[in-house]
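J.: Pasting in a structure now, in structure tokens, and then I'll have a few things to ask.
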Amino acid sequence: MMEDAMSRSRLAMLLLLALVLALPDAPAAQTKDDTVVYAFQSDVDSWDPPNSVLREAIILGYQVFDHLAVRDLKTGRVGPNLATSWRALDETTWEVKLRKGVRFHDGYPFTAAAVKATFDRVLDPKNKLTARGNHAKIKSVEIVDDSTVRFKTDGPYPLFVERLTAQVMQSDKVIKEKGHQWMQENPIGTGPYKLVRWNRKQEHLLVRNDDYWGAKPAFKYVRVRIIPETATQIAELISGGVDVIKAVPPDQMDVIDKSGQARTSTSPILRTAMLQLDQAARSGPNPFTDRRVRQAANMAVDMDAIIKYVLNGLGDRVATGVNPMAFGFDPSLKPYKPDLAAAKKLLAAAGYPNGFEVRFRTGLAIVEPGVQQTNDAIVADLAKAGIVAKQNLMGDVGPYVAQVKEGKAGPMFNWSWGYYSVFDADAILYDVFKCGESYSYYCNKELDDLIQAGRSTLDPKKRTEIYVKAQRLLFDDAAYIYKWGLRGVWGISNRVEYAAPRDEIDRMFIVTPRRK
18 MMEDAMSRSR LAMLLLLALV LALPDAPAAQ TKDDTVVYAF QSDVDSWDPP
68 NSVLREAIIL GYQVFDHLAV RDLKTGRVGP NLATSWRALD ETTWEVKLRK
118 GVRFHDGYPF TAAAVKATFD RVLDPKNKLT ARGNHAKIKS VEIVDDSTVR
168 FKTDGPYPLF VERLTAQVMQ SDKVIKEKGH QWMQENPIGT GPYKLVRWNR
218 KQEHLLVRND DYWGAKPAFK YVRVRIIPET ATQIAELISG GVDVIKAVPP
268 DQMDVIDKSG QARTSTSPIL RTAMLQLDQA ARSGPNPFTD RRVRQAANMA
318 VDMDAIIKYV LNGLGDRVAT GVNPMAFGFD PSLKPYKPDL AAAKKLLAAA
368 GYPNGFEVRF RTGLAIVEPG VQQTNDAIVA DLAKAGIVAK QNLMGDVGPY
418 VAQVKEGKAG PMFNWSWGYY SVFDADAILY DVFKCGESYS YYCNKELDDL
468 IQAGRSTLDP KKRTEIYVKA QRLLFDDAAY IYKWGLRGVW GISNRVEYAA
518 PRDEIDRMFI VTPRRK
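Using the working numbering, the letters of the sequence shown map in sequence onto residues 18 to 533.
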């Protein structure tokens, strides 16, 4: 299995080198001194960040919108942004002071009315916005004056400040006068860049907001190109057509680092990879509703070998879906060990002595480097136990995510979760493991009670104890096939300064020309 994966990697590298040599020089417009060029593998489904789960939408949102609070990439601490300060008045009331003198791109002032309108829109269940689950503990937002708001929460809310980093501020005027449909294609924020044009599935062009209240970006323009093929992205990076790419496959790092034109940058990131199993039977009856089958699947796969030989060590093994970088992670809980004999015994006890065949929905290379190679290795290991997984590839991320959300992706599918860049166990447990949530294919009332307790307790020690119990439950019940916490790999042109962000949010406004 490993030898095959390595052979494919060598072949891919040779093909890539041939492609680079065949490329013409990049057009001057792509390498102008005032433009930084960034690449996506897939386009966004919307320019309205609260209405999308795509990482690309979160990244674009950061360029054009602002948040009340932001994370310092060096320290990891959350600090002020559009909010200048916050304090808890009591266990269920937070008062937030807002930055004065800030205006949206259309000149309209940012005030407390924008904060209230933004959260009212997200919290209204009729709008069915993806971000609603992030802020479900907020009951209401009250305007005190133009620069002060008060949030009322449903009981104590320990994640309040963390969640302020995960919600863009949108204009109350736009929400009222333009409405939901208009907002899908017309972002009006207060951020460092403004949208000039969006050519779907081709590119986004942004221009610097010269009236921005904060530090001005070094580059006047950001061009975001949609380049579906990883090999083409790498070739464009080396030839000068692109400055920053992400999700570089580990076996292609040498190609970039030895090119003399670009380099790689790596970092552990807040994203956990897994194979979701349809325990809740959202896609209909299937073998994974039986815990013994789920346990067997976890025991059948040698994840440590895949991390070592396929990912070149760029992954951190996990025992559940909780990432090592998240608050509440339990380092004492050890992952499943490969045990083929035990896996076969469990399958036989569950009524599958000869194994079974199952559809394996695959895709999402845009956020998980080397996903096809790791999928092949996992499929090979599962087959040894008698689980014949037939890969069914969906290359377009939009339809893929839609199928997951609609409950049609089972019985087994590729998935990873970036926590909305909120460094807390709740940010994956609620969305991906709680009964009835759009991206959950697991249902267990005992876990739901723990999730609710964890997001309703202010004491960090008690919260940690709750999450330790939750992780033990998820391990024992083998909710999904647990893989690893990702280490992100970025490719960066030698003409710019930039480094891999641990929150997986690329900020083109901090990219600067590289000193010669």
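Using N, Cα and C, we set each Cβ at its ideal position, and we do this for glycine too.
Would you list the one or two residues that DSSP bridges to Ala-105?
T.: BP columns for Ala-105 point to Trp-111.
J.: Rounded to the nearest angstrom, how far is the Cβ of Tyr-436 from that of Leu-294, given a contact under 8 Å?
T.: Tyr-436 to Leu-294, Cβ: 20 Å. No contact.
J.: Out of Pro-209, Leu-467, Pro-97, Ala-74, which has the shortest C-alpha to C-alpha gap to Val-485?
T.: Leu-467
J.: Grab me the residues of Pro-352's own chain with a C-beta within less than 6 Å of its C-beta, minus the 5 sequence neighbours each way, in chain order.
T.: The residues are Arg-334, Ala-336.
J.: In chain order, what residues of the same chain have a beta carbon less than 6 Å from the beta carbon of Pro-173, not counting five sequence neighbours either side?
T.: Glu-108, Ser-473, Leu-475
J.: Are at least three pairs of beta-carbons, each pair with one atom in the region 298 to 305 and one in the region 433 to 448, less than 8 Å apart?
T.: no
J.: Which residues in the same chain as Ala-360 place their Cβ atom closer than 6 Å to its Cβ, once the five residues preceding and following it in sequence are excluded?
T.: Same-chain partners within the cutoff: Ala-313, Met-316, Ala-317, Ala-402.
J.: Is there contact here, the region 55 to 68 with the region 442 to 456, by at least three beta-carbon pairs under 8 Å?
T.: no
J.: Taking contact to mean 3 or more Cβ pairs, one atom from each stretch, closer than 8 Å, check whether the region 223 to 243 and the region 522 to 531 are in contact.
T.: yes
J.: Can you give, in chain order, each stretch of the beta strand (DSSP E) that sits fully within the region 168 to 249 and has at least 3 residues?
T.: 210 to 216, 220 to 225, 238 to 243
J.: How would you call His-197, buried or exposed, if buried means at least 16 neighbouring beta carbons within 10 angstroms?
T.: Taking all protein chains shown into account, His-197 has fewer than 16 neighbouring C-beta atoms within 10 Å of its C-beta and is therefore exposed.
J.: Can you give me the C-alpha to C-alpha distance between Leu-146 and Lys-169, rounded to a whole angstrom?
T.: 20 Å
J.: Please confirm if the region 380 to 397 is in contact with the region 261 to 273, defined as three or more CB-CB distances below 8 Å between the two stretches.
T.: yes
J.: So, using beta-carbon positions, are Ala-153 and Leu-140 closer together than 9 Å?
T.: yes
J.: Which term fits Ala-232, buried or exposed, when burial requires 16 or more other beta carbons within 10 angstroms of its beta carbon?
T.: exposed
J.: To the nearest whole angstrom, what separates the beta carbons of Ser-282 and Trp-507, a pair I think is in contact under 8 Å?
T.: 5 Å
J.: What runs of the alpha helix (DSSP H), each 4 residues or longer, lie entirely inside the region 305 to 346?
T.: 308 to 317, 320 to 326
J.: Taking buried to mean at least 16 other C-beta atoms within 10 Å of its own C-beta, is Asn-340 buried or exposed?
T.: buried
J.: Based on Cα-Cα distance, which residue from Asp-189, Asn-409, Pro-477 lies nearest to Leu-176?
T.: Taking the Cα of Leu-176 as reference, the smallest distance to any Cα among Asp-189, Asn-409, Pro-477 is reached at Pro-477.
J.: Please classify Glu-463: does DSSP put it in a helix, a strand, or coil?
T.: Of the three classes helix, strand and coil, the one that applies to Glu-463 here is helix, per DSSP.
J.: If you run the structure through DSSP and keep just helix, strand and coil, what is Tyr-447?
T.: helix
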